[in-house]
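K.L.:
Residue numbers (the working numbering): 8 to 284.
Sharing a structure below in structure tokens format, with a few things to ask.
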Ligand SMILES: [Fe+2]
Ligand SMILES: [Fe+2]
């Protein structure tokens with residue numbers, strides 16, 4: 008393809024949309040040691056639509072947090088800033104997304120749920136962060152959809168016709184894949200490494216650094232949710248599981264079965280879940 012054209016496409020996806028003012032404000036506040044969680048929670052709560060979406064996500068059964076959380080400040084105390092920031096990001100990003108891409112939203116939500124289940128089963132302390140990483144792992148696809156909608160459709164077609172994975176088609180048509188775009192997004196929005204690494208390396212989990220374990224969890228969740236056939240990440244066939252990732256987690260067949268069994272209990276509510284209030 009014409010290198011000039013490719014370059015302009017990459018420039019286009021690099022124009023990461025700005026996050027709602029709430030987030031930059033939160034990020035600034037968090038660096039100030041004087042800031043209290045009430046003040047932080049107050050900032051989010053002022054955007055009522057956003058606050059409602061964040062609370063809806065947190066209180067969904069698949070998030071796995073027991074008990075109802077009724078305020079953003081309470082959520083901040085219980086779950087920490089990274090998780091809430093990830094939730095705000097997710098709610099905003101999926102808002103930007105055309106409703107036509109329901110399959111991708113379901114895929115993301117399903118992957119998040121599975122990531123959370125896997126993380127809890129493996130005794131991961133910050134399982135909520137793993138959930139959020141699962142929710143955001145394919146954010147690069149959303150970016151392509153938002154900045155280059157025609158190319159997004161072309162990618163879907165190419166991957167179906169040539170039976171290649173979506174990211175190969177992305178390379179071909181846009182010049183970068185959604186994992187690379189995730190890296191730019193994470194940098195631009197100052198997402199913590201703990202959430203960024205699993206997003207960027209979910210296809211090759213052992214390429215991750217300090218957070219290889221969490222990355223392997225999101226990888227496993229991403230493949231399993233496609234195997235179950237819930238939602239659509241755009242691939243026609245299920246991509247292979249990375250064996251090293253499975254051994255890193257000690258995830259054998261029995262483990263996968265247990266995980267999928269737990270997922271099954273959530274599938275109905277998952278398909279019915281929407282961020283709309
Ligand atoms: Fe992906
Ligand atoms: Fe995915």
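Yeah, the Cβ is synthetic: ideal placement off N, Cα and C, and Gly gets one too.
Computed from a predicted structure; not experimentally measured.
Report the residue from 188, 37 and 122 whose alpha carbon sits nearest the alpha carbon of residue 142.
P.N.:
Numbered from 1 along the chain shown, position 135 holds the residue referred to as residue 142. Ranking the options by Cα distance to residue 142, first place goes to 122.
K.L.:
For residue 115, which three-state DSSP category applies?
P.N.:
Taking the first residue of the chain shown as position 1, residue 115 is located at position 108. In the structure shown, residue 115 sits in a helix (DSSP, three-state: H, G or I).
K.L.:
Express the C-alpha separation of residue 161 and residue 46 in angstroms, rounding to a whole number.
P.N.:
Translated into positions along the chain shown, residue 46 becomes position 39. Translated into positions along the chain shown, residue 161 becomes position 154. Cα-Cα distance, rounded: 45 Å.
K.L.:
Below 8 Å, can you find three or more Cβ-Cβ pairs linking the stretch 192-205 to the stretch 129-140?
P.N.:
As far as the Cβ criterion goes, the stretch 192-205 touches the stretch 129-140, which means the pair count is three or higher.
K.L.:
State the CB to CB distance for the pair residue 67 and residue 58, rounded to an integer number of angstroms; the pair is presumed to be in contact (CB under 8 Å).
P.N.:
As a position in the chain shown, residue 67 is number 60, starting the count at 1. As a position in the chain shown, residue 58 is number 51, starting the count at 1. Not confirmed; about 15 Å, so no contact.
K.L.:
Could you have a look at residue 196 and say whether DSSP puts it in helix, strand or coil?
P.N.:
As a working note, residue 196 is residue 189 in the chain shown. It is coil, neither helix nor strand.
K.L.:
What is the rounded straight-line gap between the Cα of residue 260 and the Cα of residue 15?
P.N.:
Stepping through the chain shown from its first residue, residue 260 is reached at position 253. Stepping through the chain shown from its first residue, residue 15 is reached at position 8. About 45 Å.
K.L.:
Please return the same chain residues whose Cβ sits closer than 8 Å to the Cβ of residue 84, not counting the five positions on each side in sequence.
P.N.:
What you label residue 84 is simply residue 77 of the chain shown in a count that begins at 1. Excluding positions up to five away in sequence, the list reads 44.
K.L.:
Give me the pocket residues for ligand 2, defined as CB within less than 6 Å of any heavy atom, sorted by chain position.
P.N.:
In chain order, the qualifying residues are 114, 118, 144, 145, 229 and 240.
K.L.:
Determine, using beta carbons only, whether residue 132 and residue 30 come nearer to each other than 8 Å.
P.N.:
Within the chain shown, the letter at position 125 stands for residue 132. Within the chain shown, the letter at position 23 stands for residue 30. Against a cut-off of 8 Å, the Cβ pair of residue 30 and residue 132 comes out as no contact.
K.L.:
Just to confirm before moving on: does the CB-CB distance between residue 37 and residue 88 stay below 8 Å?
P.N.:
Your numbering for residue 37 matches position 30 in the chain shown. Your numbering for residue 88 matches position 81 in the chain shown. In contact: residue 37 and residue 88 (Cβ atoms closer than 8 Å).
K.L.:
Could you tell me which uninterrupted alpha helix (DSSP H) segments, each at least 4 residues in length, are contained entirely in the stretch 176-256, listed from first to last along the chain?
P.N.:
DSSP runs (the alpha helix (DSSP H)) wholly in the stretch 176-256: 185-195, 200-207, 219-235 and 250-256.
K.L.:
Can you list, in chain order, the residues of its chain with a C-beta nearer than 6 Å to that of residue 103? Leave out the 5 residues immediately preceding and following it.
P.N.:
If you number the chain shown from 1, residue 103 lands on position 96. Once the five neighbours on either side are set aside, the close Cβ partners of residue 103 are 153.
K.L.:
If you follow the alpha helix (DSSP H) that residue 171 is in, where does it begin and where does it stop?
P.N.:
Residue mapping note: residue 171 aligns to position 164 of the chain shown, counting from 1. No alpha helix (DSSP H) contains residue 171, which DSSP labels as neither H nor E.
K.L.:
Which same chain residues, not among the five before or five after residue 126, have their C-beta less than 6 Å away from its C-beta?
P.N.:
Here residue 126 is taken as the residue at index 119 of the chain shown, counted from 1. Correct list, in chain order: 134, 137 and 224.
K.L.:
Does residue 91 have its Cβ less than 8 Å from a Cβ in chain B?
P.N.:
Going by chain labels, chain B is absent from the structure shown, which holds only one protein chain.
K.L.:
Under 8 Å between the Cβ atoms of residue 192 and residue 158?
P.N.:
Sequence index remark: in the chain shown, residue 192 carries index 185 (1-based). Sequence index remark: in the chain shown, residue 158 carries index 151 (1-based). It is not a contact, given that the beta carbons lie outside the stated cut-off.
K.L.:
Whole alpha helix (DSSP H) runs in the stretch 11-56 with 4 or more residues, listed along the chain?
P.N.:
As far as the stretch 11-56 is concerned, its whole alpha helix (DSSP H) runs of at least 4 residues are 28-37 and 44-53.
K.L.:
Decide yes or no for the touch test of the stretch 244-258 against the stretch 215-229: beta carbon pairs closer than 8 Å, at least 3 of them.
P.N.:
The answer is yes - the stretch 215-229 touches the stretch 244-258, with three or more Cβ pairs under 8 Å.
K.L.:
Can you have a look at residue 215 and say buried or exposed, based on whether 16 or more other CB atoms are within 10 angstroms of its CB?
P.N.:
On the chain shown, residue 215 is found 208 positions in, with the first residue counted as 1. Under this definition residue 215 is a buried residue.
K.L.:
DSSP state of residue 128, grouped into three classes?
P.N.:
Within the chain shown, numbered from 1, the residue matching residue 128 stands at position 121. Of the three classes helix, strand and coil, the one that applies to residue 128 here is helix, per DSSP.
K.L.:
Could you tell me the alpha carbon to alpha carbon distance between residue 17 and residue 11, rounded to whole angstroms?
P.N.:
In the chain shown, the residue the question calls residue 17 occupies position 10. In the chain shown, the residue the question calls residue 11 occupies position 4. Spanning the two alpha carbons is a distance of roughly 10 Å.
K.L.:
Hey, would you say the C-beta of residue 186 is under 7 Å away from at least one heavy atom of ligand 1?
P.N.:
Counting from one through the chain shown, the residue named residue 186 turns up at place 179. Yes, the beta carbon of residue 186 sits closer than 7 Å to at least one heavy atom of ligand 1.
K.L.:
Which of the three DSSP states is assigned to residue 103 in this structure?
P.N.:
In the chain shown, counting from the first residue as 1, residue 103 sits at position 96. DSSP places residue 103 in helix when its eight states are reduced to three.
K.L.:
List the endpoints of the continuous alpha helix (DSSP H) containing residue 149.
P.N.:
Within the chain shown, the letter at position 142 stands for residue 149. Counting along the chain, the alpha helix (DSSP H) containing residue 149 begins and ends at 146-154.
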